[in-house]
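Student:
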Amino acid sequence: MIVNALPNLGWRSFAPSLGGAFLSLFMMSSNAHEQKTAVTRILFNPSSENIEVMHRFLVHDAEHAAGQIFGVGQNLLESADSRALFSSYVVNRFSIDAELSTGEEIEMTLDYVGAEIEGQFLWVYQETKKIDSIKSFSMVNMTLRDVWPDQSNLVNVEKEGEVYSVVFDSGAEVKRLKIEP
818 MIVNALPNLG WRSFAPSLGG AFLSLFMMSS NAHEQKTAVT RILFNPSSEN IEVMHRFLVH
878 DAEHAAGQIF GVGQNLLESA DSRALFSSYV VNRFSIDAEL STGEEIEMTL DYVGAEIEGQ
938 FLWVYQETKK IDSIKSFSMV NMTLRDVWPD QSNLVNVEKE GEVYSVVFDS GAEVKRLKIE
998 P
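Read in order, the letters of the sequence shown correspond to residues 818 to 998 in our numbering.
1) Give me the Cα-Cα distance between SER950 and GLU933, rounded to the nearest whole angstrom.
2) How would you label THR857, buried or exposed, when you count the other beta carbons within 10 angstroms and need 16 or more for buried?
3) Residues in the same chain with beta-carbon distance under 6 angstroms from GLU975, minus the five sequence neighbours each way, listed in chain order, please.
4) Exposed or buried, ASN970, counting other C-beta atoms within 10 Å across all chains shown (16 or more means buried)?
5) Quick one: which unbroken beta strand (DSSP E) runs of 3-plus residues sit fully inside the segment 925–992? Chain order, please.
6) Going by DSSP, which residues form a beta bridge with HIS872?
7) Quick one: is ASN958 buried, meaning 16 or more other Cβ sit within 10 Å of its Cβ, or exposed?
8) With a Cβ-Cβ cutoff of 8 angstroms, do SER953 and ILE996 count as a contact?
9) Which residue or residues does DSSP assign as beta-bridge partners of PHE1002?
10) Using a Cβ-Cβ cut-off of 8 angstroms (strictly less than) and excluding sequence neighbours within five positions of PHE911, which residues of its own chain qualify?
11) Could you give the distance in angstroms between the alpha-carbon of PHE887 and the alpha-carbon of LYS853?
12) Hey, how far is the Cα of TRP940 from the Cα of GLY920?
13) Spatial neighbours of ASN973 within its chain, please: C-beta separation below 6 angstroms, excluding the five flanking residues on both sides.
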């Protein structure tokens, strides 16, 4: 029997360490649902002649964050109002400027298109008219970083078959991404 193989420490000696182990496992599992990574995809769409911005969040994480941000629980799965409120939060924490090949820097105005739930993800969509000769982007992506300081936001820019990526993590508020070879 396994119990006989254990040293005779008594239950009282064993219980605190067992309790600590269970507490550690509980704490790890309660934090495991927070992915702490969001993905934004910026696509130069030749058919629409727009630059499309698509932010993707795990619904569970977005609901948890929305409850902390707005002080009341939000049901993003069932409430269009909750999705609109969270989308407003996202739109106000993401911005992008473009540096043209001429060296001119322009602020890009992104229009809110909408939001949708797809499986376990919440998507927030923005777009702007395509601008030719963009050499680089300067971006701010602070989404969820005011809730979780260790939040990581990956931005992928897709242009003419190439993918350019940048990660926003602790301490990084503005990033420049060169998208021209």
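Yeah, the Cβ is synthetic: ideal placement off N, Cα and C, and Gly gets one too.
Tutor: With the structure as the only source:
1) 31 angstroms
2) buried
3) LEU860
4) buried
5) 928–935, 938–946, 951–958, 969–976 and 979–985
6) THR857 and VAL941
7) buried
8) yes
9) The chain is shown from 818 up to 998; residue 1002 falls before or after that span and cannot be answered.
10) THR857, VAL870, HIS872, LEU927, GLN943, MET956, VAL957, ASN958, MET959 and THR960
11) 19 angstroms
12) 33 angstroms
13) ARG858, VAL980 and SER982
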